[in-house]
Amino acid sequence: MVIERRWKRWVYFYIPLTVFVIGTLFPFYWMLITAIRPDSELYRSWRAVNNAPFWTLHPTLEHFQDLFAKTTFPRWLWNTFFIACASTAISLFCGLLAGYALGRLKFPLAGTIGTSIFVTYLVPPTLLFIPLANIIRAFQLGDTPWALILTYPTFLIPFCTWLLMGYFKTIPKELEECARIDGATRFGAMIRIIFPIAVPGILSAGIFAFTLSWNEFIYALVFLSSPEKKTVPVGVVSELIRGDIYFWGQLMAGALLGSIPVAVVYSFFVEYYVTGLTGSVKG
Amino acid sequence: MKKPIAGGSGSAAGIAAALPHAEASRPGRMTRWLESERLLATLLLAPAVLLLGLFIAYPFVMGVWLSMSNVSVGNPGEFVWFRNFIKAWNDSIFRTAFGNTVFYTFWATIFKLALGMWLALLLNRHFRGKRIVRAGMLLPFIVPTVLSTFAWRWMFDPTFSVLNWMLYQGGFITTKLPFLSDGTYGMWCAIVVNTWRGMPFFAITLLAGLQTISPDLQEAASLDGANGWYRFWHVTWPLLKPVTVVVVVFSIIQTFSDFQLIYVLTGGGPANATHLLATYAYQIGIATGLLGEGAAISLFMLPVLFIVVWLQLRYLRRLEGA
Numbered sequence: 001m002v003i004e005r006r007w008k009r010w011v012y013f014y015i016p017l018t019v020f021v022i023g024t025l026f027p028f029y030w031m032l033i034t035a036i037r038p039d040s041e042l043y044r045s046w047r048a049v050n051n052a053p054f055w056t057l058h059p060t061l062e063h064f065q066d067l068f069a070k071t072t073f074p075r076w077l078w079n080t081f082f083i084a085c086a087s088t089a090i091s092l093f094c095g096l097l098a099g100y101a102l103g104r105l106k107f108p109l110a111g112t113i114g115t116s117i118f119v120t121y122l123v124p125p126t127l128l129f130i131p132l133a134n135i136i137r138a139f140q141l142g143d144t145p146w147a148l149i150l151t152y153p154t155f156l157i158p159f160c161t162w163l164l165m166g167y168f169k170t171i172p173k174e175l176e177e178c179a180r181i182d183g184a185t186r187f188g189a190m191i192r193i194i195f196p197i198a199v200p201g202i203l204s205a206g207i208f209a210f211t212l213s214w215n216e217f218i219y220a221l222v223f224l225s226s227p228e229k230k231t232v233p234v235g236v237v238s239e240l241i242r243g244d245i246y247f248w249g250q251l252m253a254g255a256l257l258g259s260i261p262v263a264v265v266y267s268f269f270v271e272y273y274v275t276g277l278t279g280s281v282k283g
Numbered sequence: 001m002k003k004p005i006a007g008g009s010g011s012a013a014g015i016a017a018a019l020p021h022a023e024a025s026r027p028g029r030m031t032r033w034l035e036s037e038r039l040l041a042t043l044l045l046a047p048a049v050l051l052l053g054l055f056i057a058y059p060f061v062m063g064v065w066l067s068m069s070n071v072s073v074g075n076p077g078e079f080v081w082f083r084n085f086i087k088a089w090n091d092s093i094f095r096t097a098f099g100n101t102v103f104y105t106f107w108a109t110i111f112k113l114a115l116g117m118w119l120a121l122l123l124n125r126h127f128r129g130k131r132i133v134r135a136g137m138l139l140p141f142i143v144p145t146v147l148s149t150f151a152w153r154w155m156f157d158p159t160f161s162v163l164n165w166m167l168y169q170g171g172f173i174t175t176k177l178p179f180l181s182d183g184t185y186g187m188w189c190a191i192v193v194n195t196w197r198g199m200p201f202f203a204i205t206l207l208a209g210l211q212t213i214s215p216d217l218q219e220a221a222s223l224d225g226a227n228g229w230y231r232f233w234h235v236t237w238p239l240l241k242p243v244t245v246v247v248v249v250f251s252i253i254q255t256f257s258d259f260q261l262i263y264v265l266t267g268g269g270p271a272n273a274t275h276l277l278a279t280y281a282y283q284i285g286i287a288t289g290l291l292g293e294g295a296a297i298s299l300f301m302l303p304v305l306f307i308v309v310w311l312q313l314r315y316l317r318r319l320e321g322a
């Protein structure tokens, strides 16, 4: 261990870290405090005399009640959840098989296919949303959850494939060979020996994929139009702002509730997340 | 397969005789086929390749075609060669958007890298509550961008801004700052929000990279009398470079093609001053309905992204070769 003096530890470690923590978390605190602040306190100029911006004397749940009573927020939550689960499932399925093939099998074109999948990962959705809008319209998928369930895998599959490919490469070849000597088929060895070992990798790929689709915005904005079909991010943007009027209390309540599911998923799996990243960094 | 296929049982018996466990090794025709690595690989790759082909390769080709046509919503349009690209290039808003995109990507990436590296070095030390701090620091990256950007927009609000309040109370300003109602301020605000959002990704990835570096190296260097800076530049940094390159390239692509943040924070305003390529393409292609022109604008991202990806692939290949 490198030993250091106490004042140095404060200057070089505790103070910067505290600043980072406050800076990172303040916007979330602000979301919360806005969501429970009554309108009378909310719309008070920043220079008003008795302004108490960092807490509220009259916390209220009216914004949450309004959010549920006046908008289709629960619907958006459900839509987002359903779409995220379905596209994660499709992507994990495809990514698991493709990752195994690229990580453990030898065949011609393996390098080329691997590189092209990697390159598709780097094609941003903002480059494709206009032609995709045309295609979705042609397939008559516009305004249905399928428009998103089928297009989200385009950025989730490459990601899952690469993460799992790296993971599969770290599993020793001998395990599979032993199973094969014991009479398992190649396919059987894949299903019964390799996939179970890869569960941590599959989990972290799944968490990533779930949050990425929970976050997605531009496809959902372009492909969906009716209010009750929308996902949380798009619903909040398009339904809680009327013309120039922002319903800040409800907006922040919606932002808070829309963030909690992903935050909870992460807090349970944060170690997997870091391990997954370490794996992909090493791989 | 209800009917046994002629010859199938014979060869299966042959394999069974050759293997010690008769029971486990009576594979059906299908599983025997899968013994061929080439065939199995084809089958395993098929779903991924099909979906990616249908929803990436095909739209991409179609996007190129669209960009050379004057298709708009409800109008099939015709082929106009490079007219859309020329029109965009001569359009002052497009030029602003292009300049903004480069500016935004450059500064946001620098800040994210510097702060992310600093944070990673802090988080790599041992302290109480490390796990919870790590989890908390990831929040900006996890929470949907649109939702957290709303929180920032509210913090930047001209009349009710808490940031103005803090700066005023702290004695830094006497009148409110026009955070989002001035183009230059707006751009810097967007960079701040992007940095806030993207820094955790840098921090956690670099942290993962740091953890693969053996602490013995640090200790040896410190015994040799190297100070903190020296240890960072000559021990940590060289080992961290491959990870850093990957993260930076990834971040450049994300930032260069960013849409959500600007869409929510300023909507490209005031007076088109904060448009990025993606938001301008959206405005022309979807909001106005000129699909061809919008596709042309978004295709302007391609050369830059291509160069970045090409450089990364070359770098990775060189690493593998070494």
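Protein chains in written order, with the working numbering: chain R, 1 to 283; chain L, 1 to 322.
Every residue gets a Cβ at the ideal spot worked out from N, C-alpha and C, and that includes glycine.
In DSSP terms, what ARG192 (chain R) is bridged to: Counting from 1 along the first sequence, the entry for residue 192 (chain R) is found at position 192. Its beta-bridge partners do not exist; DSSP assigns none.
Within-7 Å CB hit, LEU156 (chain R) to chain L: Position 156 of the first sequence holds residue 156 (chain R). Answer no: the Cβ-Cβ gap between LEU156 (chain R) and chain L never drops below 7 Å.
Proximity winner among R:THR231, R:LEU212, R:PRO227, relative to ALA220 (chain R) (alpha-carbon distances): Stepping through the first sequence from its first residue, residue 220 (chain R) is reached at position 220. With distances taken between CA atoms, ALA220 (chain R) lies nearest to R:THR231 out of R:THR231, R:LEU212, R:PRO227.
Proximal residues of chain R, C-beta to C-beta of TRP118 (chain L) below 9 Å: Taking the first residue of the second sequence as position 1, residue 118 (chain L) is located at position 118. Within 9 Å Cβ-Cβ: PRO16, PHE20.
Spatial distance of ALA226 (chain L) from LEU261 (chain L) (CA atoms): One-based indexing of the second sequence puts residue 226 (chain L) at position 226. One-based indexing of the second sequence puts residue 261 (chain L) at position 261. Spanning the two alpha carbons is a distance of roughly 43 Å.
Rounded separation between TYR315 (chain L) and VAL308 (chain L) - CA only: Start at 1 with the first residue of the second sequence, and residue 315 (chain L) comes out as number 315. Start at 1 with the first residue of the second sequence, and residue 308 (chain L) comes out as number 308. So the two alpha carbons sit approximately 11 Å from each other.
Under 9 Å by beta carbon: chain L residues contacting TRP162 (chain R): Start at 1 with the first residue of the first sequence, and residue 162 (chain R) comes out as number 162. Contact of TRP162 (chain R) with chain L by beta-carbon distance below 9 Å is absent, the smallest such distance being about 11 Å.
Selected residue, minimal CA-CA separation from ASN75 (chain L), among L:ALA296, L:LEU290, L:PHE300, L:GLN312: The residue given as residue 75 (chain L) occupies position 75 in the second sequence. Of the listed residues, the one whose Cα sits closest to ASN75 (chain L) is L:LEU290.
Three-state class that DSSP yields for TYR282 (chain L) in the structure shown: Translated into positions along the second sequence, residue 282 (chain L) becomes position 282. Note: TYR282 (chain L) maps to helix in three-state DSSP.
According to DSSP, residues forming a beta bridge with PHE79 (chain L): Sequence index remark: in the second sequence, residue 79 (chain L) carries index 79 (1-based). BP columns for PHE79 (chain L) point to L:SER69.
Contact set between ALA98 (chain R) and chain L, taken where Cβ atoms lie within less than 8 Å: Counting from one through the first sequence, the residue named residue 98 (chain R) turns up at place 98. Correct list: LEU44, LEU45, PRO47, ALA48, VAL49.
Neighbour list for TYR214 (chain R) in chain L, Cβ cutoff strictly below 7 Å: Translated into positions along the first sequence, residue 214 (chain R) becomes position 214. A small fix is needed here, since residue 214 (chain R) is Trp in this sequence, not Tyr. For TRP214 (chain R), the residues of chain L that pass the 7 Å Cβ criterion are PRO144, in the order they occur in the chain.
heavy atom of the ligand ADP below 6 Å from LEU113 (chain L) C-beta: This structure lacks the ligand ADP, and indeed carries no ligand of any kind.
Own chain, CB closer than 8 Å to ASP143 (chain R), minus 5 neighbours either side, in chain order: Translated into the one-based positions of the first sequence, residue 143 (chain R) becomes position 143. Cβ neighbours of ASP143 (chain R) within its own chain (closer than 8 Å, five residues either side excluded): PHE223, LEU224, SER225, SER226, LYS229.
Contiguous beta strand (DSSP E) assignments of at least 3 residues, all confined to the region 171–244 of chain L: Taking only runs of at least 3 residues, no beta strand (DSSP E) segment lies wholly in the region 171–244 of chain L.
At least 3 beta-carbon pairs within less than 8 Å: the region 257–266 of chain R vs the region 187–196 of chain R: The answer is no - the region 187–196 of chain R does not touch the region 257–266 of chain R, with fewer than three Cβ pairs under 8 Å.
Environment of GLY95 (chain R) [buried if 16+ CB atoms lie within 10 Å]: The sequence position of residue 95 (chain R) within the first sequence is 95, counting from 1. It counts as buried.
Own chain residues within Cβ distance below 7 Å of MET190 (chain R), not counting five before or after: Locating residue 190 (chain R) in the first sequence gives position 190, counting from the first residue. Apart from the 5 residues on each side of it in sequence, MET190 (chain R) sits with its Cβ closer than 7 Å to the Cβ of TYR100 in its chain, given in chain order.
CA-to-CA distance, VAL248 (chain L) to LYS241 (chain L), given in whole angstroms: On the second sequence, position 241 is the one that residue 241 (chain L) refers to. On the second sequence, position 248 is the one that residue 248 (chain L) refers to. Whole-angstrom Cα-Cα distance: 10 Å.
6 Å Cβ shell around PRO38 (chain R) - same chain, five flanking residues per side excluded: As a working mapping, residue 38 (chain R) is identified with position 38 in the first sequence. If you ignore the 5 residues before and after PRO38 (chain R), its C-beta comes within less than 6 Å of the C-beta of HIS58, THR60, all in its own chain and listed in chain order.
LEU54 (chain L) versus TRP118 (chain L) - alpha carbon distance: As a first step, residue 54 (chain L) must be located in the second sequence, where it is residue number 54. As a first step, residue 118 (chain L) must be located in the second sequence, where it is residue number 118. Counting only the Cα atoms, TRP118 (chain L) lies some 42 Å from LEU54 (chain L).
C-beta neighbour in chain R for ARG38 (chain L), strict 7 Å: Taking the second sequence and counting its residues from 1, the one referred to as residue 38 (chain L) is at position 38. Closer than 7 Å to some Cβ of chain R, the Cβ of ARG38 (chain L) qualifies, so yes.
At least three beta-carbon pairs within less than 8 Å, the region 100–118 of chain L to the region 147–160 of chain L: As far as the Cβ criterion goes, the region 100–118 of chain L does not touch the region 147–160 of chain L, which means the pair count is below three.
Given 8 Å, three or more beta-carbon pairs between the region 147–162 of chain R and the region 84–91 of chain R: Flag = yes, the region 147–162 of chain R and the region 84–91 of chain R touch.
CB contact check: GLY258 (chain R) to chain L, cutoff 7 Å: For this step, residue 258 (chain R) is matched to residue 258 along the first sequence. Yes, GLY258 (chain R) lies at the interface with chain L (some Cβ there is under 7 Å from its Cβ).
Test item: CB-CB of PHE141 (chain L) and PRO200 (chain L) under 7 Å: If you number the second sequence from 1, residue 141 (chain L) lands on position 141. If you number the second sequence from 1, residue 200 (chain L) lands on position 200. Against a cut-off of 7 Å, the Cβ pair of PRO200 (chain L) and PHE141 (chain L) comes out as a contact.
C-beta contact flag for LEU122 (chain R) and ILE252 (chain L) at 7 Å: Taking the first residue of the first sequence as 1, we reach residue 122 (chain R) at position 122. Taking the first residue of the second sequence as 1, we reach residue 252 (chain L) at position 252. Here LEU122 (chain R) is not near ILE252 (chain L), since their CB atoms are 7 Å or more apart.
Endpoints, the alpha helix (DSSP H) within which LYS8 (chain R) is located: As a working note, residue 8 (chain R) is residue 8 in the first sequence. Its alpha helix (DSSP H) spans residues 6–9.
Start and end residues, alpha helix (DSSP H) containing ILE135 (chain R): On the first sequence, residue 135 (chain R) is found 135 positions in, with the first residue counted as 1. Note, ILE135 (chain R): alpha helix (DSSP H), 125–138.
Stretch-stretch touch, CB-based, cutoff 8 Å, three pairs: the region 180–198 of chain L with the region 127–135 of chain L: When C-beta atoms of the region 180–198 of chain L are compared with those of the region 127–135 of chain L, fewer than three pairs fall below 8 Å, so the two segments do not count as touching.
Sequence-distant residues of the same chain with beta carbon closer than 6 Å to LEU251 (chain R), five excluded per side: Along the first sequence, read from residue 1 onward, the residue named residue 251 (chain R) stands at position 251. Counting only Cβ-Cβ distances below 6 Å, and skipping sequence neighbours, we find LEU240.
Closer than 7 Å to chain R by CB, PHE82 (chain L): Taking the first residue of the second sequence as 1, we reach residue 82 (chain L) at position 82. Taking 7 Å as the threshold, the shortest C-beta distance from PHE82 (chain L) to chain R does not fall below it.
The region 60–73 of chain L / the region 122–138 of chain R touching (three or more Cβ pairs under 8 Å): As far as the Cβ criterion goes, the region 60–73 of chain L touches the region 122–138 of chain R, which means the pair count is three or higher.
Burial state of ALA205 (chain R), where buried means 16 or more other Cβ atoms lie within 10 Å: The sequence position of residue 205 (chain R) within the first sequence is 205, counting from 1. Counting the other CB atoms within 10 Å of its CB gives ALA205 (chain R) a total of 16 or more, which places it among the buried residues.
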